[in-house]
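Per this note's numbering, residue -6 is the first one in the sequence shown, and the count goes up by one each step. We put the CB at the ideal spot given by N, CA and C, even for glycine. So the structure is just underneath, and the comments pick up after that.
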Amino acid sequence: MKRRTFIASAVGAIGGVSACAWRGSDTLHRGAALAFGTTISISVVHEDAELAGRAIADGLKAAQAIDRLMSIYHPGSQVYQLNRDGILARPDARLLEVLNQATQLSHLSAGAFDVTVQPLWRLYSESAARGGLPSDAERRRAQALVDWRQLEIGDAAIRFRREGMALTLNGLAQGYAADQALAAVQAHGIRHALLDTGEFVARGRKSRSHPWILGVRDPRDANALAATLYAQGCSVATSGDYECTFTPDYRHHHIFDPAAGDSPDELASVTVLAPNAMLADGLSTAFMVMGWERGSALASRLPAVDLMAIDKHGHEKRSAGFPSDA
-6 MKRRTFIASA VGAIGGVSAC AWRGSDTLHR GAALAFGTTI SISVVHEDAE LAGRAIADGL
54 KAAQAIDRLM SIYHPGSQVY QLNRDGILAR PDARLLEVLN QATQLSHLSA GAFDVTVQPL
114 WRLYSESAAR GGLPSDAERR RAQALVDWRQ LEIGDAAIRF RREGMALTLN GLAQGYAADQ
174 ALAAVQAHGI RHALLDTGEF VARGRKSRSH PWILGVRDPR DANALAATLY AQGCSVATSG
234 DYECTFTPDY RHHHIFDPAA GDSPDELASV TVLAPNAMLA DGLSTAFMVM GWERGSALAS
294 RLPAVDLMAI DKHGHEKRSA GFPSDA
């Protein structure tokens, strides 16, 4: 299961590498590649086309490297190996960084965010393939394997303390990939960029007179926008109940509340603005589980974090610092 954020970039679909001029000597350059089971893209503004091309290529490679490292599907990934063997020796420093962020989010959210929910995802996915939902007994058995505190993280090794546990980084890896891609792009001196790995990072502006603009998908209409945002110096991520559903009423989907062993039932989508994409990515999942009251209370305690939530009835709420529509 890949996790897409369903925020549509105002620059539109990107294929290959292209460029278009805007006022002044700088030019908007675009590039795309495959990762996380979808198309990721990078747009940069710079006067030097050759330098921009190198920056885009390096950024895309950085994001693809995170996909190869953290995929739950690719046998060569360290996450795949950990899930298969229950232990991973000599983990990559980037994996440790992401897992340490996961631990912090689990603490902050009182366990609402938990990377060890993979047994629940696997159970519901297999049950849906058979045309139904898991029994209460099956759900309880899978739920017993979900506990972030039973994941031992160390420089020498990562291991599960219970047999049968598994993790997924679908709630962090795409955001982390965007952050890594941004660092690669900025290493070339690029100041204006928009990166889309399924989570978005915006720096600088699209042109002298236009900021980057992102559109947030309506959770019940793939062809409509719930909001449009000016994105300047921030990262944006959305989690929604519509991306992968097990029942047509959106009651059971790919996001799980570890305490219930099932999907949270209050919100249809949550969009988060945060200082970096990995944090935005993780918080969007956590807030889906926590619901509006608990989620907005946590956001108010975190610097430069805001959210917009849409509930199952289409009602929208925004935290005080979440921007008005562009």
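In this structure, DSSP gives H100 a helical state, which the three-state scheme calls helix. DSSP places A58 in the uninterrupted alpha helix (DSSP H) bounded by A42 to M63. A distance below 8 Å separates the beta carbons of A56 and A28. Residue pairing by DSSP places Y223 opposite I206 in a beta bridge. G182 counts as exposed, since fewer than 16 other C-beta atoms from the protein chains shown sit within 10 angstroms of its C-beta.
In the same chain as V265, and ignoring 5 residues on each side of it, the C-beta atoms closer than 6 Å to its own belong to A230, A273, L276, S277 and L300, in chain order.
A direct Cα-to-Cα measurement between H185 and N76 gives close to 39 Å. Rounded to whole angstroms, the separation of the alpha carbons of C227 and H203 is 16 Å. The three-state secondary structure of N76, taken from DSSP, is helix. Counting C-beta pairs with one atom in each stretch, the region 49 to 64 and the region 113 to 123 have fewer than three that are closer than 8 Å, which means they do not touch. Minimum Cα-Cα distance from V209 among the listed residues F239, A224 and G197 corresponds to A224.
With a cut-off of 8 Å on Cβ pairs, the region 40 to 47 is not in contact with the region 56 to 72, counting fewer than three such pairs. The beta carbon of W285 is closer than 6 Å to those of A302 and K310 in its chain, skipping five residues each way along the sequence. For T278, the enclosing alpha helix (DSSP H) stretches over residues A270 to R294.
Non-local beta-carbon contacts of D140 in its own chain, meaning distances under 7 Å to residues more than five positions away in sequence, involve T109 in chain order.
When the beta-carbon positions are compared, S262 and G233 come within less than 8 Å of each other. A straight-line Cα-Cα distance of about 44 Å links S102 and E40. Residue pairing by DSSP leaves S118 without any beta bridge partner. In this structure, DSSP gives N163 a state outside helix and strand, which the three-state scheme calls coil.
As the crow flies, the alpha-carbon of I206 is around 42 Å from that of A150. Between the alpha carbons of G30 and D60 lies a gap of roughly 9 Å.
Look at D258 here: in three-state DSSP terms it is coil, with no helix or strand label. Between L138 and M63, the C-beta spacing is not below 8 Å. A straight-line Cα-Cα distance of about 13 Å links Q74 and M158. Here the alpha carbon of A220 sits roughly 13 Å from the alpha carbon of G307. The DSSP-derived three-state label of L88 is helix. Contact annotation: L126 and S118 have beta-carbon atoms that are not nearer than 8 Å. Less than 8 Å divides the Cβ of D189 from the Cβ of S34. The C-alpha of N216 is placed about 18 Å away from the C-alpha of T238.
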